[in-house]
Amino acid sequence: MKRPGKVGLTLSAPYIIYALTFVVFPLLFSIYLIFHRWDGMSAPVWIGMKNLDRLVSDSLFYQSLLNTLQFLVIQIPLQIFFALIFAVTLNSIKVLRSFFRAVYFMPVVVSGVVVTIVWLQLYSFDNGILNNMLTQVGLPPLPWLVSTSLAMPSIAIMATWKNVGLYTVMFLAGLQSVPEEYYEAATIDGASAVRKFFRITVPLLAPTMTLVVILSTINGFSLFVEPFVMTGGGPLNATLSSVLYIYNQAFSFGHLGYASALGFVFAIIILVAVLVQRKFLETE
Amino acid sequence: MKRNLSSLVTYFFLAVFAAGFLYPFLWMLSGSFKPDFDVMKLSLLSSHFTLGNYALVFSRIPIVRAFFNSLIVAMAVTGSVVVFGGIVGYSLAKIKWKGSRYLTVFLLFTMTLPFQLTLIPLYTMVVKFGLTDNLLGLILPNMMTALSIIMFRQFFVSIPDSLIEAARMDGCSELKLIFKVVMPLSKPAVMTVAIITFLTSWNDVLWPLIVIRNQNLMTLPQLITVFVLGGEAESHLGAELAASTMLAVPILLLYMFFQRYFIQSFISSGVKG
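As they're listed, the protein sequences go chains F and B. Position 107 of the first sequence, counting from 1, maps to 565 under our numbering, and the rest follow consecutively. Position 12 of the second sequence, counting from 1, maps to 199 under our numbering, and the rest follow consecutively.
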């Protein structure tokens, strides 16, 4: 080729233009907005650190952060537990394996809006199917979405139902790369099934597990449509997620500067969380 | 004997959970054909079959338009992401030029950026460009993704250089080389990028809610969200379920035919749709 430098640059040019417009500029603009008050119409007003001052004393900011943490603390272990069980079980069968895999994965491809609308009815207090089932076996109905302490766990259970298929197929792919000889050797040495699971399977799936934890974390911080449709962030802000709070500040109250500052701080929190998880989970 | 019993238990276990994943969808489907007073029952069967729920949806909201809006946006975004992903990925994998290292590092860096960072600034840009209430406002900011470029790059690296040199000797231009030689050899990568991009675009709700206010320009998931929340469904459960069935069915049909590719795409891209 005559001038590789020129050809390379020309072919990459569309992305460079795209990235300058839709990545670099918004990034710089978000930093600019942190220090301004702006309703989106009149000129932005320089207010120094006021957005950040407001943020550190904003109880709803902490509430949305705690809600996200609550979501993650429930969802991550639940997801890993079920995904591991499903993957190990699926790995042990031959007949119908791809059928079951396809069924378990189905909620992953369907829109969150569909899942949320359906589960909203399942969770209904007065005549929802879950409560009907509970009362039929003589148990009291549960206030799934109407109690402050149960609403976020309910959303976390629904999210687990939606996403567990993804993590199941990831674990399954990981399991299929474990050499059969490991298990054979362990069997000869007289290791029990439980011992094999914890000594061979779990350590070899560790990289997948790290990925699952990181993806779940990013996912939890992206939670939006579920509380938006199901609860509107209620009751009493118990399901106000970080993205829902940004959305409300920007589009319900018109505080674009403040919403941008919130987005910036949440992004930093996500980046730090992911870095910490990488560090702790990958050195093991 | 013992072996048969344990495999029976295994299949029973798997079947119970399979029912748990399937039942809500079947309940939605059957509920969309039931009158409201029958919807909340556990049973999937009803003696009162009705198309009234669908009729109500069609009369209240422009759902056919929304379907085509979603289709236009998802196809435009997918086409663009694949084409530009291929071109840029090729320039990083197969052309030795100074900037390629920096660009790769930059791409990996942008992949780590949470979308919350640029959500509001992007919105203000779309407003400035006059692209609110315009499908271009949904397409332009999503025309390229770092993930797709990196995935193409990774795949192209394994294509032998000798093949590319040979095509160049034959007087093949670089663009022709990409689309006639490199991309056809990379069908798995093209499939993965196309499926993930299409699904992400089709299922996105947040960005359309921000950019589109005119009902005639809304995407399908957005219109249905607004239908359920905005009171136009008037809490007709059957109608809400009919609307969500219409949102789920196109993707589920695709999924039925391309199930293996869907699952493989998610595994190899490690992202969530």
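Built from N, CA and C at the ideal position, the CB exists for glycine as well.
| query | result |
| --- | --- |
| What number of angstroms, rounded off, separates the C-alpha of F557(F) from the C-alpha of L216(B)? | 21 Å |
| Counting contacts by CB-CB distance shorter than 8 Å, is G460(B) in contact with chain F? | Note that G460(B) has pLDDT 33, beneath the 50 cutoff, so the model's placement of it is unreliable and the number below is only indicative. Cβ-Cβ to chain F under 8 Å: yes for G460(B). |
| Can you name, in chain order, every residue of its own chain whose Cβ lies under 7 Å from the Cβ of N401(B), other than the five neighbours on each side? | D320 |
| Check this for me: beta carbons of V572(F) and L407(B), under 8 Å apart or not? | no |
| Determine the chain B residues that contact R559(F) at a beta-carbon separation under 9 Å, and present them in chain order. | Q446 and I450 |
| For a quick check, are the C-beta atoms of E419(B) and I250(B) less than 8 Å apart? | no |
| Using a Cβ-Cβ cut-off of less than 8 Å, list which residues of the region 613 to 640 of chain F approach chain B; keep chain order. | W619, N621, G623, L624, V627, M628 and A631 |
| Have a look at V458(B) and S234(B) and give me their C-alpha separation to the nearest angstrom. | Any answer about V458(B) is weak, because its pLDDT of 49 lies below 50 and its placement is not dependable; what the coordinates show is given next. Looking at the two C-alpha atoms, the distance is approximately 43 Å. |
| On the criterion of 16 or more Cβ atoms from any shown chain inside 10 Å, does Y289(B) qualify as buried, or is it exposed? | exposed |
| Assess contact between the region 604 to 620 of chain F and the region 694 to 707 of chain F, defined as three or more Cβ pairs (one per stretch) separated by less than 8 Å. Is contact present? | yes |
| Which of the three DSSP states is assigned to R461(F) in this structure? | coil |
| With respect to 7 Å, is the separation between the Cβ of T432(B) and the closest non-hydrogen atom of the ligand ATP below this value? | Summarising the ligand content, the structure contains no ligands, and the ligand ATP is consequently not present. |
| Give the C-beta separation of G712(F) and H494(F) to the nearest angstrom, bearing in mind that I take them to be a contact with Cβ-Cβ under 8 Å. | G712(F) to H494(F), Cβ: 14 Å. No contact. |
| Find out if the Cβ-Cβ distance for the pair L322(B), L404(B) is shorter than 8 Å. | yes |
| Rounded to the nearest angstrom, how far is the Cβ of V264(B) from that of T384(B), given a contact under 8 Å? | 6 Å |
| Spatial neighbours of S267(B) within its chain, please: CB distance less than 6 Å, with the 5 preceding and 5 following residues excluded, ordered by chain position. | M330 |
| Thinking D466(F) and I282(B) are a contact (beta carbons under 8 Å), I'd like their distance in whole angstroms, please. | Looking at the sequence itself, residue 466(F) is Gly, so the reference to Asp does not match. That pair is a contact at about 4 Å. |
| Among V269(B), I399(B) and F302(B), whose alpha-carbon lies nearest the alpha-carbon of F709(F)? | I399(B) |
| Label V292(B) either buried or exposed according to how many other C-beta atoms from any shown protein chain fall within 10 Å of its C-beta, with 16 as the threshold for buried. | exposed |
| Rounded to whole angstroms, what's the CA-CA distance from S514(F) to M564(F)? Just pull it up for me. | A small fix is needed here, since residue 514(F) is Val in this sequence, not Ser. Roughly 41 Å separates the two Cα atoms. |
| Considering V734(F), what are the terminal residues of the alpha helix (DSSP H) in which it resides? | L714 to E740 |
| Measuring CB to CB, does T311(B) end up less than 8 Å from G498(F)? | yes |
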